[in-house]
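Visitor:
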Amino acid sequence: MSTERPEKSAVFPVRKPPQPAVWLPWGMAACLALICVIFVQDRETHQQQAAELMHRISELDENTVALRKESHRLQAELAQIKELNRMASVRVALLNPPLADSKAAAVSIWNNQTQSGVLLARNLKPLDGGKSYQLWINDPKYPSPVSAGVFEVEAGGSVRYEFKPALPVQAADGFLVSEERNGATAPAKDRIVMSGDALPL
113 MSTERPEKSA VFPVRKPPQP AVWLPWGMAA CLALICVIFV QDRETHQQQA
163 AELMHRISEL DENTVALRKE SHRLQAELAQ IKELNRMASV RVALLNPPLA
213 DSKAAAVSIW NNQTQSGVLL ARNLKPLDGG KSYQLWINDP KYPSPVSAGV
263 FEVEAGGSVR YEFKPALPVQ AADGFLVSEE RNGATAPAKD RIVMSGDALP
313 L
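Taking our numbering as reference, the numbering of the sequence shown is continuous, increasing by one, and the terminal residue is 313.
Have a look at this one:
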């Protein structure tokens, strides 16, 4: 009688379902906390940079205002200096006739910087016979007065004559008017009808 051993049934190990890692929630919480800390730090840094930038802008605005005020002050001082220099270069001469019975009178205003001037006269008698009045400027630089051109008298004996000298004038010490025929290179004493010294304005 044969005895057969019963076949052994195959035994398979039972696998347990995977358990979630216990540290995972804590790790996620730690990462989230770290992100929050970094965000807060960046925000504080940006706020600080923005505050510093606003402070810098405020300083620049103040400096700009100060520079504008200084520029205006310097411009005012420069204008004042220019005006003083202009006034210092102006000479005025009162011209009177050599004869006391003449009512003629004139004033000559000369600007040395622009090398130009204006003559205002009244009660000058009109000239005939081809004669005209000629204005002269006394300058020590030249041996004789410098011609400033000829001019005509208006009705009533008034004159407004803007002039420039024929030669550069360094110092206008005086002015004189003479009667000339077709202009002259130098005035003669017997032809001078009025003269006057130039003084600072």
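By construction, the Cβ of each residue, glycine as well, lies at the ideal position given by its N, Cα and C atoms.
Keep in mind it's a predicted model, so treat the numbers as computed, not measured.
With distances taken from CA atoms, which of G295, Q225, A217, R272 is nearest W248?
Guide: Cα-wise, what sits closest to W248 is G295.
Visitor: Closest to Q246 by C-alpha separation, out of R180, T297, N224, would be which residue?
Guide: Considering only alpha carbons, the answer is T297.
Visitor: At the level of alpha carbons, what is the spacing between V230 and K301?
Guide: So the two alpha carbons sit approximately 23 Å from each other.
Visitor: Per DSSP, R234 forms a beta bridge with which residues?
Guide: R234 is bridged to A217.
Visitor: Taking the CB atoms as reference points, tell me whether E292 and V265 lie closer together than 8 Å.
Guide: Not closer than 8 Å, so no.
Visitor: Would G268 pass as a contact of K237 if the rule is Cβ separation under 8 Å?
Guide: For G268 and K237, no; Cβs fall outside 8 Å.
Visitor: May I ask whether a heavy atom of the ligand ZN can be found less than 7 Å away from the beta carbon of Q282?
Guide: Within the structure as shown, the ligand ZN is missing, as the structure has no ligands at all.
Visitor: Between P255 and P299, is the Cβ-Cβ spacing less than 8 Å?
Guide: No. Outside cutoff.
Visitor: Pull the bridge partners of Y254 from the DSSP assignment, please.
Guide: In DSSP, Y254 forms no bridge with anything.
Visitor: Can you tell me whether G241 is buried or exposed? The criterion is at least 16 other CB atoms within 10 Å of its CB, across all chains shown.
Guide: It is exposed - the Cβ of G241 has fewer than 16 other Cβ atoms within 10 Å.
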